[in-house]
Amino acid sequence: EEILAPLAADQRESLGELLSTLLDGTHGHRA
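Just so you know, we're using my numbering here: the sequence shown kicks off at 2 and counts up by one.
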């Protein structure tokens, strides 16, 4: 868990950025 915890956080952040990019591309709200 000591190793997986930071990994999970990194993956969550990357997924968040990916989702934001996809949503931005779909809706075009953000710049």
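For every residue, glycine included, the Cβ atom is placed at its ideal position computed from N, Cα and C.
From residue i to residue j, what distance separates their C-alpha atoms?
{"i": "residue 12", "j": "residue 20", "result": "12 Å"}
{"i": "residue 14", "j": "residue 8", "result": "10 Å"}
{"i": "residue 18", "j": "residue 26", "result": "12 Å"}
{"i": "residue 23", "j": "residue 16", "result": "10 Å"}
Does the beta carbon of residue i fall short of 7 Å from some heavy atom of the ligand ZN?
{"i": "residue 21", "result": "Summarising the ligand content, the structure contains no ligands, and the ligand ZN is consequently not present."}
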